[in-house]
Amino acid sequence: MTKKIVVIAAGGTGGHLFPAAAFAEEMFRRGWRVVLMTDARGRRYAEGFPAERIEDVPAASLSMNSFTAIPAMLKISRGIKEAKQRFDELQPALVAGFGGYPSFPALMAARARHVPIIIHEQNSVLGRVNRAMATSAAIVACGFERLDRLPPKTADRKRVVGNPVRLPILAVRERPYPEAPAGGRLNLLIIGGSQGARLFGEVIPAAIAMLPQALRARLDVVHQVREEQVAQVKKVYQRAQVGAEVSPFFSDMGQRLGAAHLVISRAGASSVTELQVAGRPAILVPFAAAADDHQTANAEGLTAVGAADLFTEDEFEPAVLAATLERRLADPHGLAVRAAAARAAARPDAAKLLADLAESVAA
(Lines of atoms letter the chains of each structure in order from A and count residues from 1; the text may use other names and numbers.)
(Lines give C-alpha, C1' and ligand atoms only; values in the text may rest on other atoms or scores of the structure.)
Protein backbone atom coordinates (compact mmCIF):
# COMPACT_ATOMS: atom_id res chain seq x y z
CA MET A 1 0.00 0.00 0.00
CA THR A 2 1.41 3.38 -1.01
CA LYS A 3 1.95 5.72 1.90
CA LYS A 4 -0.03 8.96 1.89
CA ILE A 5 1.81 12.28 1.71
CA VAL A 6 1.17 15.31 3.90
CA VAL A 7 2.69 18.59 2.80
CA ILE A 8 3.46 20.85 5.74
CA ALA A 9 3.43 24.54 4.80
CA ALA A 10 5.28 26.70 7.30
CA GLY A 11 8.05 29.23 7.66
CA GLY A 12 9.14 32.64 8.79
CA THR A 13 10.36 31.85 12.31
CA GLY A 14 11.00 28.97 14.67
CA GLY A 15 7.62 29.77 16.24
CA HIS A 16 5.94 28.35 13.13
CA LEU A 17 8.39 25.53 12.42
CA PHE A 18 8.81 24.03 15.91
CA PRO A 19 5.15 22.95 16.27
CA ALA A 20 5.14 21.90 12.61
CA ALA A 21 8.12 19.63 13.34
CA ALA A 22 6.35 18.04 16.31
CA PHE A 23 3.31 17.37 14.10
CA ALA A 24 5.60 15.93 11.40
CA GLU A 25 7.13 13.49 13.90
CA GLU A 26 3.66 12.26 14.86
CA MET A 27 2.62 11.81 11.21
CA PHE A 28 5.82 9.85 10.52
CA ARG A 29 4.99 7.57 13.45
CA ARG A 30 1.59 6.93 11.84
CA GLY A 31 3.19 5.84 8.57
CA TRP A 32 2.78 9.03 6.53
CA ARG A 33 5.33 10.53 4.19
CA VAL A 34 6.10 14.14 5.15
CA VAL A 35 7.22 16.96 2.87
CA LEU A 36 7.96 20.46 4.18
CA MET A 37 7.23 23.35 1.83
CA THR A 38 8.75 26.69 2.82
CA ASP A 39 11.01 29.37 1.33
CA ALA A 40 14.71 30.18 1.64
CA ARG A 41 14.18 32.13 4.88
CA GLY A 42 12.07 29.38 6.41
CA ARG A 43 14.73 26.80 5.55
CA ARG A 44 17.10 28.57 7.96
CA TYR A 45 14.92 27.35 10.83
CA ALA A 46 14.35 23.89 9.33
CA GLU A 47 17.63 22.20 10.20
CA GLY A 48 16.81 18.68 11.36
CA PHE A 49 13.14 19.03 10.35
CA PRO A 50 11.61 15.51 10.20
CA ALA A 51 10.66 15.47 6.52
CA GLU A 52 11.77 13.20 3.70
CA ARG A 53 12.35 16.31 1.61
CA ILE A 54 12.15 20.07 1.91
CA GLU A 55 10.79 22.03 -1.01
CA ASP A 56 11.61 25.72 -1.40
CA VAL A 57 9.16 27.89 -3.30
CA PRO A 58 9.30 31.68 -3.72
CA ALA A 59 7.31 33.63 -1.13
CA ALA A 60 7.07 37.20 0.10
CA SER A 61 5.28 39.32 2.66
CA LEU A 62 2.81 41.74 1.15
CA SER A 63 3.39 45.29 2.36
CA MET A 64 1.48 48.51 1.82
CA ASN A 65 4.55 50.07 0.21
CA SER A 66 3.67 50.65 -3.44
CA PHE A 67 7.31 50.20 -4.48
CA THR A 68 7.56 46.69 -2.96
CA ALA A 69 3.96 45.42 -3.33
CA ILE A 70 4.16 44.63 -7.05
CA PRO A 71 7.47 42.70 -6.86
CA ALA A 72 6.10 40.81 -3.84
CA MET A 73 2.91 39.86 -5.69
CA LEU A 74 4.93 38.63 -8.68
CA LYS A 75 7.11 36.54 -6.37
CA ILE A 76 4.06 35.06 -4.64
CA SER A 77 2.47 34.22 -8.01
CA ARG A 78 5.66 32.45 -9.03
CA GLY A 79 5.62 30.54 -5.73
CA ILE A 80 2.01 29.41 -6.21
CA LYS A 81 2.82 28.22 -9.75
CA GLU A 82 5.84 26.24 -8.52
CA ALA A 83 3.85 24.76 -5.62
CA LYS A 84 1.17 23.55 -8.05
CA GLN A 85 3.85 21.83 -10.14
CA ARG A 86 5.26 20.08 -7.04
CA PHE A 87 1.73 19.00 -6.05
CA ASP A 88 1.17 17.47 -9.50
CA GLU A 89 4.21 15.30 -8.82
CA LEU A 90 3.60 14.56 -5.12
CA GLN A 91 -0.19 14.10 -5.17
CA PRO A 92 -0.55 14.95 -1.45
CA ALA A 93 -3.54 13.72 0.50
CA LEU A 94 -3.44 16.75 2.79
CA VAL A 95 -1.78 20.14 3.27
CA ALA A 96 -1.26 21.37 6.82
CA GLY A 97 -0.51 25.08 7.18
CA PHE A 98 1.25 26.42 10.27
CA GLY A 99 1.37 30.10 9.37
CA GLY A 100 4.04 32.53 8.26
CA TYR A 101 4.04 34.07 4.81
CA PRO A 102 6.15 31.19 3.33
CA SER A 103 3.12 28.92 3.88
CA PHE A 104 0.88 30.95 1.55
CA PRO A 105 1.94 29.58 -1.88
CA ALA A 106 1.47 25.95 -0.80
CA LEU A 107 -1.95 26.67 0.70
CA MET A 108 -3.10 28.53 -2.40
CA ALA A 109 -1.86 25.66 -4.56
CA ALA A 110 -3.77 23.20 -2.38
CA ARG A 111 -6.94 25.20 -2.84
CA ALA A 112 -6.44 25.27 -6.61
CA ARG A 113 -5.77 21.52 -6.73
CA HIS A 114 -8.68 20.69 -4.36
CA VAL A 115 -6.37 19.12 -1.77
CA PRO A 116 -7.88 19.10 1.75
CA ILE A 117 -6.43 21.82 4.01
CA ILE A 118 -6.10 22.14 7.75
CA ILE A 119 -4.44 25.11 9.40
CA HIS A 120 -2.96 25.42 12.85
CA GLU A 121 -2.65 28.78 14.60
CA GLN A 122 -0.10 28.85 17.41
CA ASN A 123 -1.02 32.29 18.75
CA SER A 124 -4.17 33.63 20.40
CA VAL A 125 -4.75 35.91 17.40
CA LEU A 126 -5.15 34.37 13.94
CA GLY A 127 -2.19 35.40 11.77
CA ARG A 128 -2.57 37.03 8.37
CA VAL A 129 -1.98 33.95 6.22
CA ASN A 130 -4.13 31.69 8.40
CA ARG A 131 -6.83 34.37 8.45
CA ALA A 132 -6.81 34.49 4.65
CA MET A 133 -6.98 30.69 4.35
CA ALA A 134 -9.45 29.93 7.17
CA THR A 135 -12.47 29.80 4.88
CA SER A 136 -10.68 27.27 2.64
CA ALA A 137 -9.66 25.00 5.52
CA ALA A 138 -11.65 21.99 6.67
CA ILE A 139 -10.40 22.60 10.22
CA VAL A 140 -8.90 25.62 11.99
CA ALA A 141 -6.91 24.13 14.86
CA CYS A 142 -5.45 26.41 17.51
CA GLY A 143 -3.08 26.46 20.45
CA PHE A 144 -5.20 28.41 22.97
CA GLU A 145 -8.87 28.71 23.85
CA ARG A 146 -8.74 32.36 22.82
CA LEU A 147 -8.54 32.91 19.07
CA ASP A 148 -9.12 36.48 17.95
CA ARG A 149 -9.68 37.52 14.30
CA LEU A 150 -11.33 34.23 13.36
CA PRO A 151 -13.78 34.85 10.47
CA PRO A 152 -17.32 34.31 11.86
CA LYS A 153 -18.26 31.87 9.10
CA THR A 154 -15.46 29.53 10.17
CA ALA A 155 -16.27 29.47 13.89
CA ASP A 156 -17.74 25.96 13.63
CA ARG A 157 -14.41 24.67 12.27
CA LYS A 158 -12.36 25.82 15.26
CA ARG A 159 -10.74 23.04 17.28
CA VAL A 160 -8.60 23.75 20.36
CA VAL A 161 -5.78 21.19 20.39
CA GLY A 162 -2.87 23.06 21.97
CA ASN A 163 0.52 23.63 20.37
CA PRO A 164 2.60 20.57 19.47
CA VAL A 165 5.95 20.68 21.29
CA ARG A 166 9.31 19.07 20.69
CA LEU A 167 10.17 15.77 22.36
CA PRO A 168 12.90 17.25 24.63
CA ILE A 169 10.28 19.57 26.14
CA LEU A 170 7.79 16.74 26.62
CA ALA A 171 10.56 14.88 28.45
CA VAL A 172 10.80 17.75 30.97
CA ARG A 173 7.17 17.12 31.89
CA GLU A 174 8.12 13.65 33.11
CA ARG A 175 10.45 15.12 35.74
CA PRO A 176 9.26 16.83 38.95
CA TYR A 177 9.70 20.53 39.51
CA PRO A 178 13.17 20.94 41.11
CA GLU A 179 13.18 21.44 44.85
CA ALA A 180 14.45 24.78 46.11
CA PRO A 181 15.35 24.16 49.78
CA ALA A 182 15.79 27.13 52.09
CA GLY A 183 19.21 28.62 51.43
CA GLY A 184 19.81 26.33 48.42
CA ARG A 185 20.71 27.14 44.82
CA LEU A 186 18.15 28.86 42.59
CA ASN A 187 18.19 28.46 38.80
CA LEU A 188 16.97 31.40 36.72
CA LEU A 189 16.54 30.86 32.97
CA ILE A 190 16.24 33.87 30.64
CA ILE A 191 15.25 33.25 27.02
CA GLY A 192 14.48 35.80 24.34
CA GLY A 193 12.94 33.93 21.45
CA SER A 194 14.53 32.97 18.14
CA GLN A 195 15.56 36.58 17.44
CA GLY A 196 16.87 37.34 20.94
CA ALA A 197 15.68 40.27 23.03
CA ARG A 198 17.95 43.30 23.30
CA LEU A 199 15.73 44.69 26.07
CA PHE A 200 16.41 41.62 28.21
CA GLY A 201 20.16 42.13 27.97
CA GLU A 202 19.79 45.70 29.17
CA VAL A 203 17.22 45.34 31.97
CA ILE A 204 17.63 41.90 33.54
CA PRO A 205 21.33 41.94 34.54
CA ALA A 206 20.82 45.41 36.04
CA ALA A 207 17.82 44.15 38.02
CA ILE A 208 19.70 41.11 39.32
CA ALA A 209 22.56 43.34 40.42
CA MET A 210 20.04 45.18 42.65
CA LEU A 211 19.05 42.03 44.56
CA PRO A 212 20.32 41.54 48.14
CA GLN A 213 23.80 40.03 48.20
CA ALA A 214 22.62 36.90 50.04
CA LEU A 215 20.13 36.18 47.25
CA ARG A 216 22.59 36.95 44.45
CA ALA A 217 25.02 34.46 45.98
CA ARG A 218 22.46 31.65 45.58
CA LEU A 219 21.62 32.38 41.95
CA ASP A 220 22.70 30.37 38.92
CA VAL A 221 21.66 32.34 35.85
CA VAL A 222 21.40 31.04 32.28
CA HIS A 223 20.85 34.03 29.99
CA GLN A 224 20.25 34.00 26.23
CA VAL A 225 21.33 37.34 24.77
CA ARG A 226 22.13 38.82 21.39
CA GLU A 227 25.67 38.19 20.14
CA GLU A 228 26.69 41.84 20.46
CA GLN A 229 25.56 41.96 24.10
CA VAL A 230 27.42 38.92 25.44
CA ALA A 231 30.56 40.68 26.70
CA GLN A 232 28.71 43.54 28.41
CA VAL A 233 26.15 41.27 30.08
CA LYS A 234 28.91 39.00 31.40
CA LYS A 235 30.62 42.03 32.94
CA VAL A 236 27.47 43.08 34.79
CA TYR A 237 27.03 39.61 36.27
CA GLN A 238 30.71 39.40 37.24
CA ARG A 239 30.57 42.77 39.03
CA ALA A 240 27.41 41.61 40.84
CA GLN A 241 29.16 38.34 41.81
CA VAL A 242 26.42 36.27 40.20
CA GLY A 243 27.17 32.92 38.61
CA ALA A 244 25.93 33.23 35.05
CA GLU A 245 26.19 31.42 31.74
CA VAL A 246 25.63 33.86 28.89
CA SER A 247 25.23 32.84 25.25
CA PRO A 248 23.22 33.72 22.12
CA PHE A 249 22.04 30.12 21.80
CA PHE A 250 21.57 27.02 23.96
CA SER A 251 21.16 23.74 22.09
CA ASP A 252 20.05 21.80 25.18
CA MET A 253 16.96 23.85 26.00
CA GLY A 254 15.15 20.84 27.41
CA GLN A 255 17.85 20.39 30.06
CA ARG A 256 17.94 24.11 30.84
CA LEU A 257 14.18 24.34 31.21
CA GLY A 258 14.11 21.20 33.32
CA ALA A 259 16.55 22.71 35.83
CA ALA A 260 14.87 26.13 36.03
CA HIS A 261 13.02 27.33 39.12
CA LEU A 262 11.85 30.48 37.33
CA VAL A 263 11.91 31.61 33.68
CA ILE A 264 11.92 35.11 32.18
CA SER A 265 10.68 35.03 28.60
CA ARG A 266 8.84 36.69 25.78
CA ALA A 267 5.27 35.45 25.28
CA GLY A 268 5.49 33.83 21.88
CA ALA A 269 3.15 30.89 21.42
CA SER A 270 5.93 28.30 21.57
CA SER A 271 7.44 29.85 24.68
CA VAL A 272 4.13 29.97 26.58
CA THR A 273 3.24 26.44 25.50
CA GLU A 274 6.63 25.02 26.49
CA LEU A 275 6.35 26.67 29.92
CA GLN A 276 2.92 25.06 30.35
CA VAL A 277 4.05 21.62 29.23
CA ALA A 278 7.21 21.73 31.36
CA GLY A 279 5.33 23.26 34.30
CA ARG A 280 7.53 26.27 35.02
CA PRO A 281 6.58 29.62 36.61
CA ALA A 282 7.50 32.67 34.59
CA ILE A 283 7.87 36.38 34.20
CA LEU A 284 6.59 37.31 30.74
CA VAL A 285 7.36 40.42 28.68
CA PRO A 286 5.32 40.39 25.44
CA PHE A 287 7.04 41.79 22.36
CA ALA A 288 5.39 45.18 21.90
CA ALA A 289 5.63 45.18 18.09
CA ALA A 290 3.98 41.76 17.65
CA ALA A 291 1.12 41.87 15.14
CA ASP A 292 -2.26 42.52 16.81
CA ASP A 293 -0.43 42.43 20.19
CA HIS A 294 -0.80 38.66 20.00
CA GLN A 295 1.91 37.97 22.60
CA THR A 296 -0.13 39.71 25.31
CA ALA A 297 -3.07 37.50 24.34
CA ASN A 298 -0.82 34.41 24.43
CA ALA A 299 0.36 35.30 27.93
CA GLU A 300 -3.15 34.73 29.27
CA GLY A 301 -2.43 31.01 29.01
CA LEU A 302 -0.18 31.45 32.08
CA THR A 303 -1.34 34.65 33.76
CA ALA A 304 -4.98 33.54 33.92
CA VAL A 305 -4.04 30.55 36.10
CA GLY A 306 -1.61 32.49 38.31
CA ALA A 307 1.53 30.93 36.83
CA ALA A 308 3.19 34.09 35.52
CA ASP A 309 3.77 37.77 36.15
CA LEU A 310 3.30 40.06 33.15
CA PHE A 311 5.15 43.26 32.28
CA THR A 312 4.69 45.49 29.28
CA GLU A 313 7.92 46.71 27.72
CA ASP A 314 7.26 50.18 29.17
CA GLU A 315 6.89 48.72 32.68
CA PHE A 316 9.96 46.51 32.36
CA GLU A 317 12.53 48.49 34.33
CA PRO A 318 15.38 47.22 36.57
CA ALA A 319 13.96 48.38 39.92
CA VAL A 320 10.47 47.00 39.19
CA LEU A 321 11.83 43.68 37.99
CA ALA A 322 14.20 43.42 40.96
CA ALA A 323 11.28 43.77 43.38
CA THR A 324 9.34 41.01 41.62
CA LEU A 325 12.36 38.70 41.45
CA GLU A 326 13.10 39.17 45.14
CA ARG A 327 9.48 38.39 46.06
CA ARG A 328 9.26 35.29 43.87
CA LEU A 329 12.70 33.82 44.61
CA ALA A 330 12.23 34.28 48.37
CA ASP A 331 9.14 32.04 48.24
CA PRO A 332 10.09 28.52 46.98
CA HIS A 333 6.68 27.13 47.94
CA GLY A 334 4.96 29.85 45.94
CA LEU A 335 7.12 29.02 42.92
CA ALA A 336 6.16 25.35 43.20
CA VAL A 337 2.47 26.27 43.34
CA ARG A 338 2.83 28.44 40.24
CA ALA A 339 4.72 25.62 38.51
CA ALA A 340 1.85 23.22 39.22
CA ALA A 341 -0.65 25.75 37.84
CA ALA A 342 1.35 26.08 34.63
CA ARG A 343 1.56 22.31 34.26
CA ALA A 344 -2.19 21.87 34.77
CA ALA A 345 -2.92 24.33 31.95
CA ALA A 346 -0.92 22.33 29.38
CA ARG A 347 -2.16 20.22 26.47
CA PRO A 348 0.74 17.79 26.11
CA ASP A 349 -1.11 15.59 23.59
CA ALA A 350 -1.48 18.41 21.03
CA ALA A 351 0.50 16.64 18.28
CA LYS A 352 -1.67 13.51 18.58
CA LEU A 353 -4.92 15.50 18.58
CA LEU A 354 -3.83 17.48 15.52
CA ALA A 355 -2.79 14.30 13.71
CA ASP A 356 -6.19 12.75 14.47
CA LEU A 357 -7.87 15.77 12.88
CA ALA A 358 -5.52 15.64 9.90
CA GLU A 359 -6.30 12.00 9.21
CA SER A 360 -10.03 12.65 9.54
CA VAL A 361 -10.05 15.11 6.61
CA ALA A 362 -7.30 13.68 4.38
CA ALA A 363 -8.23 12.62 0.86
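Residue numbering for the sequence shown follows numbering that gives the first Met the number 0, starting at 0 and increasing by one per position. Backbone N, C-alpha and C fix where the C-beta goes; we use that ideal spot for every residue, glycine too.
- In the DSSP assignment, Lys157 falls within the beta strand (DSSP E) that extends over Lys157 to Val159.
- In the three-state scheme derived from DSSP, where H, G and I count as helix and E and B as strand, Val304 is classed as coil.
- Ala296 has its alpha-carbon roughly 27 Å from the corresponding atom of Ile207.
- The beta carbon of Val271 sits closer than 7 Å to those of Asn297, Ala298, Gly300 and Leu301, all from its chain and outside the five residues before and after it, given in chain order.
- In the DSSP annotation of this structure, Met72 is not part of any beta strand (DSSP E); the continuous alpha helix (DSSP H) holding it starts and ends at Ser65 to Leu89.
- In the DSSP assignment, Gln212 falls within the alpha helix (DSSP H) that extends over Gln212 to Arg215.
- Here the alpha carbons of Gly78 and Pro70 stand approximately 12 Å from one another.
- In this structure, the alpha-carbon of Ala335 lies about 8 Å from that of Pro280.
- By alpha-carbon distance to Leu274, the top candidate from Ala343, Gly183, Pro211 and Leu210 is Ala343.
- The beta carbon of Pro167 is closer than 6 Å to those of Gly253 in its chain, skipping five residues each way along the sequence.
- Between Ile4 and Gln90, the CB-CB gap stays under 8 Å.
- Taken through DSSP and simplified to helix, strand or coil, Gly96 comes out as strand.
- Put simply, of His293, Ala170 and Met36 the residue whose alpha carbon is nearest the alpha carbon of Asn122 is His293.
- Comparing C-alpha distances from Gly96 to each of Ala58, Phe22 and Ala9 shows the shortest one belongs to Ala9.
- A distance of 8 Å or more separates the beta carbons of Val124 and Val94.
- Here the alpha carbon of Gly30 sits roughly 18 Å from the alpha carbon of Ala349.
- At the C-beta level, Ala354 and Ala306 stay beyond 8 Å of one another.
- Gly267 and Asn186 have their C-alpha atoms spaced approximately 22 Å apart.
- Burial is judged here by how many other beta carbons sit within 10 angstroms of a residue's own beta carbon; Glu244 has fewer than 16 and is exposed.
- In this structure, the straight-line span from the alpha carbon of Val160 to that of Leu352 is close to 6 Å.
- Boundaries of the beta strand (DSSP E) harbouring Gln223: Leu218 to Gln223, taken from the DSSP string.
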